[in-house]
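Trainee: Numbering (the numbering used here) for the sequence shown: 884 to 1296. Cβ coordinates follow ideal geometry from the N, Cα and C atoms, glycine included.
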Amino acid sequence: MLMVVLVTVSLLSFAAEKKTITVWWQTEAGNESAVQTIIGNFNRTHPYVQVEVQMHGTLQSGAGLDMVKVAIAGGAAPHLIFTGTHLLTSFYADNLIIPMDEVLPRSYLETIEYVKPAKEMVTSGNRILGVQFRTDARGLYMNQDMLAEVGLNIRQGPRYTADLDEYAAKLTVWSHDRTVERAGFVTNGNNFLRELGWLWVFGGAPYDPVAQRLTLTDHPAHLAAVRWIEASADRYGTTAQSNLNNFINRKTAMMVESTTRLEQIPLNAPDLSFWVSHIPYPEGMGRRTTYSAGPGLMVPTGTKDLEAVIEFIKYIADKETQKTWYKLTRQPPARFDALMELIQERVITDPREVAMLEVIPEGFSAPPFFSDVVMTEFGRNLQQLRQKRITAAQVLENTQRVSAPYFEEMFAR
């Protein structure tokens, strides 16, 4: 009885005192009004908790990431930070965040029906470290005018990597000096964890989540993927790239990109007709998959006013909030149930979008250190491979040797 009275008094005290919390929000250009709408909806429906949002560019790399770390270490962090959830594991290891399962009951957090990659992003071992808000997925974008030009189906992409190679050969335009004037497709430049994503596509497993170790070497699929990347450079040179800028400027016919570009491409190139299909995989050894990433909330070490913080976290984790965000931005929710309802309610109808989203259950996320340390080292070694200074096996060996100590140090703590 006494406990009930104390809890009641605590809740009444919380309700009587208006709390204001601050959130640093990593915002893409064009989404500022959507952020204000989401925050405004919360403030209107939660009169005793008010959120003040400070919108930033990236908080997950460069000066933005440095600012976050300095603020937390100096005791000057906001109540919550909205940024890439791939940072959660390293932030937890460095004691920069309070694990989410120490802020909210685990029983509640386990009821959030995440898509598979989002669940991977917010967990480390048996700990739940954050709450993810939205996600994305990758697919093969194709210029339909260029497909028609060479007699290819404008609404159907290549199924296997061998088919992709054939498409690339047909779509490539060479200049008089035998340099690439327009790339059909090259592995370099795509939004696919640089080129690390192909290791999963070829059926590999670059990271062991149980042992929490990097596993690049001694895997035939990884070697096959790197050799395929090398073959692309051998055919089309070391400088050709399939990236968003080249796609918009008709310098590449195909690229691997995220769902985010469905809205952005028409703004930058309104007369560009494009289709999107699944990412091709090698017949007999690979698998149909996609890479998914996305931001969410983390609680900095030292955060106060946790009762108020919890109210906003639950709001961001809520299915309806994530559905509203999609309607404002076309960025998919991290919750599987929210995603399915958007499809069933025919809010999501674009077949190009569906082609990417339907693969999310078989998708993968970026393991710890992959978005910075591993990706950087892998890219550096691929450049040496393209210049024929090292072999495909050495790309994997060198990346493993340089990157593995980061995992060993972090997970030995």
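Should Arg1065 and Thr1135 be called a contact, given that it needs their Cβ atoms to be closer than 9 Å?
Mentor: Cβ distance < 9 Å, so Arg1065 and Thr1135 count as in contact.
Trainee: Mind checking who Lys902 pairs with in its DSSP beta bridge?
Mentor: Val932, per the DSSP bridge assignment.
Trainee: Give me whichever residues DSSP pairs with Thr1006 in a beta bridge.
Mentor: For Thr1006, which the question treats as bridged, DSSP gives the partners Ile1011.
Trainee: Can you tell me which of Thr1062, Ile1037, Ala1020 puts its alpha carbon nearest to the alpha carbon of Ser1141?
Mentor: Closest by alpha carbon: Ala1020.
Trainee: Could you give the uninterrupted runs of the alpha helix (DSSP H) lying entirely in the segment 1167-1238, keeping only those of 4 residues or more?
Mentor: The segment 1167-1238 contains these whole alpha helix (DSSP H) runs: 1189-1200, 1202-1212, 1219-1227.
Trainee: With contact counted as at least three CB pairs below 8 Å, one residue from each stretch, are the segment 1185-1204 and the segment 971-988 in contact?
Mentor: The segment 1185-1204 vs the segment 971-988: in contact.
Trainee: Among Asp1101, Ala1249, Glu911, which has the Cα closest to the Cα of Thr941?
Mentor: When only C-alpha atoms are compared, the closest one is Glu911.
Trainee: Helix or strand or just coil, what does DSSP make of Phe1157?
Mentor: The answer is strand: DSSP assigns Phe1157 an E or B state.
Trainee: Should the segment 990-999 be called in touch with the segment 953-970, which here means at least 3 C-beta pairs below 8 Å?
Mentor: Not touching, per the Cβ criterion.
Trainee: Grouping DSSP H, G and I as helix and E and B as strand, with all else coil, what is Phe1247?
Mentor: DSSP places Phe1247 in strand when its eight states are reduced to three.
Trainee: In this structure, how does DSSP classify Arg1065 when only helix, strand and coil are distinguished?
Mentor: In this structure, Arg1065 counts as strand in the three-state DSSP scheme.
Trainee: What are the boundary residues of the beta strand (DSSP E) that Tyr1024 is part of?
Mentor: Start and end: 1021-1026.
Trainee: Are there three or more Cβ pairs, one per stretch, closer than 8 Å when the segment 1031-1043 is compared with the segment 1094-1108?
Mentor: Touching, no, given that fewer than three Cβ pairs across the two stretches are closer than 8 Å.
Trainee: Let's see if you can read the secondary structure: which residues bound the alpha helix (DSSP H) around Ile955?
Mentor: Start and end: 945-956.
Trainee: Measure the alpha-carbon distance for Gln1270 versus Asp1048 and round it to whole angstroms.
Mentor: Those two C-alpha atoms are separated by around 21 Å.
Trainee: Distance, Cα to Cα, Val1242 vs Thr905?
Mentor: For Val1242 and Thr905, the distance between alpha carbons rounds to 36 Å.
Trainee: Among Gly1086, Ser1156, Ser973, Pro1215, which has the Cα closest to the Cα of Ala1031?
Mentor: Minimum Cα distance to Ala1031 is reached at Ser1156.
Trainee: Is the separation between the beta-carbon of Met1293 and that of Phe1252 shorter than 9 Å?
Mentor: Yes, they are a contact pair.
Trainee: Which one of Glu1236, Gly1246, Ala1238, Val1285 has the shortest CA to CA distance from Asp1255?
Mentor: Selected option, being the one with the closest Cα: Val1285.
Trainee: Do Asn1071 and Ala1116 count as a contact pair if the criterion is CB distance below 9 Å?
Mentor: Cβ distance < 9 Å, so Ala1116 and Asn1071 count as in contact.
Trainee: Quick check: the segment 1198-1214 against the segment 911-929, are at least 3 beta-carbon pairs closer than 8 Å?
Mentor: Result yes; three or more Cβ-Cβ pairs closer than 8 Å.
Trainee: Within the continuous beta strand (DSSP E) that includes Leu963, where are the two ends?
Mentor: From DSSP, the beta strand (DSSP E) with Leu963 extends over 963-967.
Trainee: Grab me the residues of Trp1111's own chain with a C-beta within less than 6 Å of its C-beta, minus the 5 sequence neighbours each way, in chain order.
Mentor: Same-chain partners within the cutoff: there are none.
Trainee: Hey, would you say Gly1169 sits closer than 9 Å to Lys999, going by beta carbons?
Mentor: Cβ atoms of Gly1169 and Lys999: not closer than 9 Å.
Trainee: What residue range does the beta strand (DSSP E) around Met983 cover?
Mentor: Segment: none, Met983 is in no beta strand (DSSP E) and carries neither H nor E.
Trainee: Along the chain, where does the alpha helix (DSSP H) containing Val1278 start, and where does it finish?
Mentor: Start and end: 1275-1294.
Trainee: Indicate whether the contact test is met: 3 or more Cβ pairs, each with one atom in the segment 1142-1155 and one in the segment 1211-1223, closer than 8 Å.
Mentor: Output reads yes: the segment 1211-1223 touches the segment 1142-1155.
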